[in-house]
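**Student:** For the sequence shown, this note's numbering begins at 304 and goes up steadily by one. No residue lacks a Cβ here, since even glycine has one placed at the ideal position from N, Cα and C. Note that the structure is a prediction, hence the values are computed from the model and not measured.
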Amino acid sequence: MKTLIKNGIVVTADDEFKADVLMDGEKISCIGKDIQVQADKVIDAEGKYVLPGGVDQHVHFSFTYKGSKVRGFETSHAAAVGGTTTVVEFVNQVQGKGLVESIEDYRKTDVDGIAMVDYAFHIIMTDPRDEVIEEMPKLVEAGYTTMKLFMAYKGMFFHAGDDAILKALMKGKEAGITIMVHAENAEMIDVLSKQLIAEGKTEPYYHAVSRPPVVEAEATRRAIYLAELAGAPLYVVHVSCKEAMEAIRDAYTAGQPIYGETCTHYLVLDTECLAKPDFEGAKYVCSPALRTEEHREALWEAINKNWLNAVSSDHCGFDWKEQKHMGRATSFADIPNGTPSFQNRLNVLWTYGVCEGKISRSKFVDLACTTPAKVVGLEGKGAITVGYDADVVIFDPEYRGIISVENNLEDVDYCPYEGFEQKGRAETVFLRGNLIVDNGKYVGQKGQGKFIHGKPFGVSYDTL
Ligand SMILES: [Zn+2]
């Protein structure tokens, strides 16, 4: 099957130009002016942009909080209609099980044959016994080349101490595994939370008060010191505040291989969302917490200047009514963390980034598609390049709409961007040459997504 996209403007991470794009089978086979070929299908993309399918390197489809589970891969077509064709899921190591085994058991029951976009995995190390550290190189053989550790969440089974992080950095470096951290100081949060609750300050807003920027800045700096000692690269996920960003920027500009991402919600939502009445603030409970304008402006500058190199969704599909309400009778500490957001990641970044003149179209492609693929070692993903997978989005910049839960396929009962204006949309989406979104509607099939084998020594190792 050959599909020819004619007359569109191709956007890459460092350029844009008018060209035709030919997809042959699952690959991009030719990019050029006025391609003359007998194609099975020809699409006129005049006035539209031809973008690589988005790569969302930070999603949660398996996260469980106090027995309550988020929406899984059965909702992954929501990524497709948002223009994302590859997602990277964080899987918790199951206590007592190995790292590879934990991912593969989950894959068998919950992912393979269900996913509607391509996928890869990060393992979250929760049980850092010596034999588990020794197992790390086996992850690479199986195609899992990134690992996260949680510095936050004191007392939870997935919390990691500095010793575990240091050992993971040391072992990971030998095997080319990129170590990621959720950087917040668990002890600081524990003390502040207990004080607030004792004072009767239990509303969702106090979630943000219990984890101020200094909590994130301290853990980020500590993780950078641990990476320095190990001589290893470090990737800080979901950076939300100016001080943490500056710690990464300063280390990176001093030559240390320290990198980080931010997320859509930290770029556009405010701490004040948590103060909404009638427990609506719980919809915005995520960690790190939402910040103020000063921090948002610092993050926009950081992504523009490459101090943070990706924008992810940190999608986490908990319902507001049943699941977030777990904290209504008690306190903010019992509200499951996270926001559902992977369908609108590109819509928000385009509307509030590109259309507002904060980032260029090439920077948009770089942050949302190209660099995330390189962080995780997903060769053949994230760019319009000959020989790459034909994950292609025809993006209509003239579309106008309002973001609402009504149009969401995420199967969550709210949307954190409810009522936001949307400019532009993924009109047509191809996954490895297969049409999966047509005129903004999902037309693909369950199980069409496939596992992408990650390569070790991702982009975070480039300067090492
Ligand atoms: Zn996350």
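Near residue 502, which residues of its chain fall below 8 Å by C-beta distance, leaving aside the five closest residues on each side in sequence?
**Tutor:** Answer for residue 502: no residue qualifies.
**Student:** Count the other CB atoms within 10 Å of the CB of residue 367; is the residue buried (16 or more) or exposed (fewer)?
**Tutor:** With fewer than 16 Cβ atoms within 10 Å of its Cβ, residue 367 is classed as exposed.
**Student:** Below 8 Å, how does it come out for the segment 695-715 and the segment 345-363: are there three or more Cβ pairs, yes or no?
**Tutor:** At 8 Å Cβ cutoff, the stretches touch.
**Student:** Terminal residues of the continuous alpha helix (DSSP H) containing residue 650?
**Tutor:** Unbroken alpha helix (DSSP H) run through residue 650: 648-652.
**Student:** Do you know how far the Cα of residue 406 is from the Cα of residue 316?
**Tutor:** If I take the Cα positions, the gap works out to 31 Å.
**Student:** In or out: residue 742 buried (at least 16 other Cβ within 10 Å) or exposed?
**Tutor:** Per the 10 Å Cβ criterion, exposed.
**Student:** I'd like the span of the beta strand (DSSP E) that includes residue 607, first residue to last.
**Tutor:** Careful: residue 607 lies outside any beta strand (DSSP E), inside the alpha helix (DSSP H) at 596-607.
**Student:** Could you give the DSSP three-state label for residue 710: helix, strand or coil?
**Tutor:** In the structure shown, residue 710 sits in a helix (DSSP, three-state: H, G or I).
**Student:** Please confirm whether residue 560 and residue 767 have their CB atoms less than 8 Å apart.
**Tutor:** In contact: residue 560 and residue 767 (Cβ atoms closer than 8 Å).
**Student:** Taking the beta carbon of residue 528 as the centre, do at least 16 other beta carbons fall within 10 Å, making it buried, or is it exposed?
**Tutor:** Residue 528 is exposed by the Cβ-count criterion.
**Student:** By a C-beta neighbour count over all protein chains shown, 10 Å radius and 16 as the cutoff for buried, is residue 320 buried or exposed?
**Tutor:** Result: exposed.
**Student:** If you compare alpha carbons, which of 630, 595, 609 is closest to residue 553?
**Tutor:** Comparing Cα positions, the closest option is 609.
**Student:** With distance defined between alpha-carbon atoms, name the residue in 544, 729, 377, 581 nearest to residue 412.
**Tutor:** Comparing Cα-Cα distances from residue 412 to each of 544, 729, 377, 581, the minimum goes to 377.
**Student:** Excluding the 5 residues preceding and the 5 following residue 414 in the sequence, name in chain order all residues of the same chain whose CB lies nearer than 6 Å to its CB.
**Tutor:** Excluding sequence neighbours, residue 414 sits near 376.
**Student:** Following the continuous alpha helix (DSSP H) through residue 443, name the residue where it begins and the one where it ends.
**Tutor:** Its alpha helix (DSSP H) spans residues 433-444.
**Student:** Check whether the segment 465-481 touches the segment 541-558, counting contact only when three or more Cβ pairs, one atom from each stretch, lie closer than 8 Å.
**Tutor:** Because the criterion of three Cβ pairs below 8 Å is not met, the segment 465-481 and the segment 541-558 do not touch.
**Student:** Closer than 8 Å is the cut-off here; do at least three beta carbon pairs connect the segment 618-638 with the segment 673-687?
**Tutor:** Counting Cβ pairs under 8 Å, fewer than three are found: no touch.
**Student:** Would the C-beta of residue 393 count as close to ligand 1, meaning under 7 Å from any of its heavy atoms?
**Tutor:** Yes - ligand 1 has a heavy atom lying nearer than 7 Å to the Cβ of residue 393.
**Student:** Could you compute how far the alpha carbon of residue 421 sits from the alpha carbon of residue 427?
**Tutor:** Cα-Cα distance, rounded: 20 Å.
**Student:** Can you name, in chain order, every residue of its own chain whose Cβ lies under 8 Å from the Cβ of residue 436, other than the five neighbours on each side?
**Tutor:** Once the five neighbours on either side are set aside, the close Cβ partners of residue 436 are 470, 471, 474.
**Student:** Taking the beta carbon of residue 617 as the centre, do at least 16 other beta carbons fall within 10 Å, making it buried, or is it exposed?
**Tutor:** With 16 or more other Cβ atoms within 10 Å, it is buried.
**Student:** At which residues does the beta strand (DSSP E) containing residue 738 begin and terminate?
**Tutor:** That run of the beta strand (DSSP E) goes 737-741.
**Student:** Quick check: does the Cβ of residue 363 come within less than 7 Å of any heavy atom belonging to ligand 1?
**Tutor:** Under cutoff, so the answer is yes.
**Student:** Cα separation between residue 442 and residue 733?
**Tutor:** Their backbone Cα atoms lie some 30 Å apart in a straight line.
**Student:** Is it the case that the CB of residue 359 approaches a heavy atom of ligand 1 more closely than 7 Å?
**Tutor:** Every heavy atom of ligand 1 is 7 Å or more from the Cβ of residue 359, so no.
**Student:** Should residue 304 be labelled buried (16 or more other beta-carbon atoms within 10 Å of its own) or exposed?
**Tutor:** With fewer than 16 Cβ atoms within 10 Å of its Cβ, residue 304 is classed as exposed.
**Student:** Helix, strand or coil, according to DSSP, for residue 430 in the structure here?
**Tutor:** It is coil, neither helix nor strand.
**Student:** Quick one: measure Cβ to Cβ for residue 467 and residue 440, integer angstroms, because I've assumed they're closer than 8 Å.
**Tutor:** Contact doesn't hold; Cβ gap of about 17 Å is too wide.
**Student:** Looking at residue 606: is its Cβ nearer than 8 Å to the Cβ of residue 650?
**Tutor:** Not in contact: residue 606 and residue 650 (Cβ atoms no closer than 8 Å).
**Student:** Return helix, strand or coil for residue 656, following the three-state DSSP convention.
**Tutor:** Note: residue 656 maps to helix in three-state DSSP.
**Student:** Just checking residue 462 against ligand 1 - is the residue's beta carbon closer than 7 Å to any of the ligand's heavy atoms?
**Tutor:** No, the Cβ of residue 462 stays beyond 7 Å of every heavy atom of ligand 1.
**Student:** Quick one: grab the DSSP three-state call for residue 733.
**Tutor:** Strand.
**Student:** Say whether the segment 637-652 touches the segment 325-341, bearing in mind that this needs 3 or more beta-carbon pairs closer than 8 Å, one atom from each stretch.
**Tutor:** Output reads no: the segment 325-341 does not touch the segment 637-652.
**Student:** Sorted by chain position, which residues of the same chain lie with C-beta nearer than 6 Å to residue 603's C-beta, five sequence neighbours on each side aside?
**Tutor:** The residues are 661.
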